[in-house]
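Everything in the sequence shown is counted per the working numbering, starting at 61 for the first residue and increasing by one.
Note that beta-carbon positions come from the ideal geometry of N, C-alpha and C, so glycine has one too.
For reference, the structure discussed in these notes is given below.
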Amino acid sequence: MSEYYAVVRSGSEDSLQHYGVLGMRWGIRHDRRVKAAKAMYKTNRKAIKRDKSLSKDQKRKKIAASREQWMKERVASANRLYSKHDKATNERIARMSSRKTFAQASLLGSYGALKYNDSRAHGVKRFRSALRAGNANARDRASGWNLSEEEYWQNYNARKVKKPWKKPKK
């Protein structure tokens, strides 16, 4: 992921200061409800696996139900945290594994990965979604790095409104 650095001039010396990781949300903790749901899932899974009275199918169903509760809490947390995105996009991202998330972000960039998941959540095919993601990432890199703060936020707000899967109203 990209990191933000800034050259700060104080008097006659320049210094390089670190401003965080792209996409990082400052001041927001991980949701405690999600942590509690994950801990509950892990303890339930261990208890279910140890239970000798259940068949394999019953164990699988109980573990899947417990995991689904954890996933519901993750999706609800994502909807609270990232309210500017669609709920379908948030659900897709929240249900992805961390390995897949990392692979997407490294291949497509963080903005491109968001656009890919946004398109896929709304039924666009994989190839077309990847093309949109690549184009979005290229535009983001080309336009967003040498802009003033005001221009950056104007571009950001313009991108936020555009939904490529929706047909324009006549």
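Point to revise | Three-state secondary structure (DSSP) of M131 | key: For this step, residue 131 is matched to residue 71 along the sequence shown. Helix.
Exercise for review: Kindly indicate the opening and closing residues of the alpha helix (DSSP H) around D178.
Suggested key: Within the sequence shown, residue 178 is the residue found at index 118, counting from 1. Taken as a continuous stretch (DSSP letters only), the alpha helix (DSSP H) holding D178 covers S158 to A181.
Point to revise | K132 versus E151, K122 and G169, residue with shortest Cα-Cα distance | key: By one-based count along the sequence shown, residue 132 stands at place 72. Taking only the C-alpha atoms, the option nearest K132 is E151.
Check your understanding: Can you tell me whether N195 is buried or exposed, with buried defined as 16 or more other CB within 10 angstroms of its CB?
Key -> Taking the first residue of the sequence shown as 1, we reach residue 195 at position 135. The residue in question, N195, is exposed, as its Cβ has fewer than 16 Cβ neighbours within 10 Å.
Review point. Roughly how many whole angstroms lie between the Cα atoms of K98 and R134?
Key: Residue numbering aside, residue 98 sits at position 38 when the sequence shown is read from its first letter. Residue numbering aside, residue 134 sits at position 74 when the sequence shown is read from its first letter. Rounded to whole angstroms, K98 to R134 spans 9 Å at the Cα level.
**Study point:** Assigned secondary structure, K119 (DSSP; H/G/I helix, E/B strand, else coil)
**Key:** Your numbering for residue 119 matches position 59 in the sequence shown. The answer is helix: DSSP assigns K119 an H, G or I state.
Point to revise | Residues near S126 by beta carbon distance below 6 Å, same chain, minus five either side | key: Counting from 1 along the sequence shown, the entry for residue 126 is found at position 66. If we look at S126 and ignore the five residues flanking it on each side, its Cβ neighbours are Y101 and N104.
Review point. Leaving out five residues before and five after T161 in sequence, what residues of the same chain have Cβ atoms less than 7 Å from its Cβ?
Key: In the sequence shown, the residue the question calls residue 161 occupies position 101. Excluding residues within five positions, none has a Cβ falling inside 7 Å.
Check your understanding: When the Cα of N177 is compared with those of A154, L114, R159 and R199, which residue comes out closest?
Key -> The residue given as residue 177 occupies position 117 in the sequence shown. Measuring from the Cα of N177, the nearest candidate turns out to be A154.
Check your understanding: Which one of A193, R140, A148 and L114 has the shortest CA to CA distance from K173?
Key -> As a first step, residue 173 is located in the sequence shown; it is residue number 113 there, counting from the start. The amino acid occupying residue 173 in the given sequence is Ala; Lys does not appear at that position. Of A193, R140, A148 and L114, the residue nearest in Cα terms is A193.
Exercise for review: Under 8 Å Cβ to Cβ from L114, same chain only, skipping five residues before and after it: list those, please.
Suggested key: As a first step, residue 114 must be located in the sequence shown, where it is residue number 54. The residues are I108 and K122.
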